[in-house]
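Input: a single structure, listed below in structure tokens.
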Amino acid sequence: MSAVPGQQRRRHLRVRPLPDEPVWVDVNGEDFVDVLPAVDISEGGVGVRVPHRFEGCGIDAEVALIISLPGATKRSITTHGRIRHVSQAAFGIVFAPLKPADRRAIRDYVHRRAYGGSWWRRLLKQATPESA
Numbered sequence: 007m008s009a010v011p012g013q014q015r016r017r018h019l020r021v022r023p024l025p026d027e028p029v030w031v032d033v034n035g036e037d038f039v040d041v042l043p044a045v046d047i048s049e050g051g052v053g054v055r056v057p058h059r060f061e062g063c064g065i066d067a068e069v070a071l072i073i074s075l076p077g078a079t080k081r082s083i084t085t086h087g088r089i090r091h092v093s094q095a096a097f098g099i100v101f102a103p104l105k106p107a108d109r110r111a112i113r114d115y116v117h118r119r120a121y122g123g124s125w126w127r128r129l130l131k132q133a134t135p136e137s138a
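Quick note, the sequence shown lines up with residues 7 to 138 if you use the working numbering.
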């Protein structure tokens, strides 16, 4: 399973993207703009790797985001968020409330990575009576 260690403390399931199918995050803040690889992602937020220390990237800074999901989900999501954690090599961003379709796309990607398939399709399959 590709879930991130320490998962039980979190509200949302987090996963790490596959190395050959990265999640790219276009981060636009007041004093910076960059396209960065995600370290992990959940319905609640995203962690991004920073190859160089960002100046002007402080805790509680609001940022505009474009998240590019790979694979079967293959979708770009435009949203906003707030920086909640900053270290030398990465920072974490908590999403502002997402549109329902964007939340579903992230949930589908996360479940596909964590469990090897679409949670939505599995749910529909369970709810659909089998034909005789």
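Ideal placement from N, C-alpha and C gives every residue a C-beta, glycine not left out.
Local conformation of residue i per DSSP, three classes
i: VAL21; result: strand
i: ALA44; result: strand
i: ALA78; result: coil
i: ALA96; result: strand
i: ALA67; result: coil
Between the CA atoms of residue j and residue i - distance to the nearest angstrom
i: VAL52; j: ILE73; result: 9 angstroms
i: PHE97; j: ASP46; result: 11 angstroms
i: VAL56; j: GLN132; result: 41 angstroms
i: THR85; j: ARG113; result: 15 angstroms
i: ARG17; j: ASP37; result: 30 angstroms
i: GLU68; j: SER82; result: 19 angstroms
i: ALA78; j: VAL116; result: 12 angstroms
i: MET7; j: PRO23; result: Confidence in MET7 is poor, its pLDDT being 44 and thus under 50, which makes the residue's placement too unreliable to answer from.
i: ASP26; j: VAL33; result: 21 angstroms
i: GLN94; j: HIS58; result: 8 angstroms
i: VAL100; j: VAL39; result: 17 angstroms
Limits of the unbroken alpha helix (DSSP H) element including residue i
i: HIS6; result: Since the displayed the chain opens at 7 and closes at 138, residue 6 lies outside it and no answer follows.
Endpoints, the beta strand (DSSP E) within which residue i is located
i: ASP32; result: 30 to 34
i: VAL52; result: 51 to 55
Whole-Å CB distance - residue i paired with residue j, under 8 angstroms assumed
i: VAL92; j: ILE65; result: 6 angstroms
i: VAL2; j: LEU75; result: For the chain, the structure presents residues 7 to 138; residue 2 sits outside this window and is missing.
i: SER48; j: ARG20; result: 4 angstroms
Beta bridge counterpart(s) of residue i as assigned by DSSP
i: HIS91; result: GLY98
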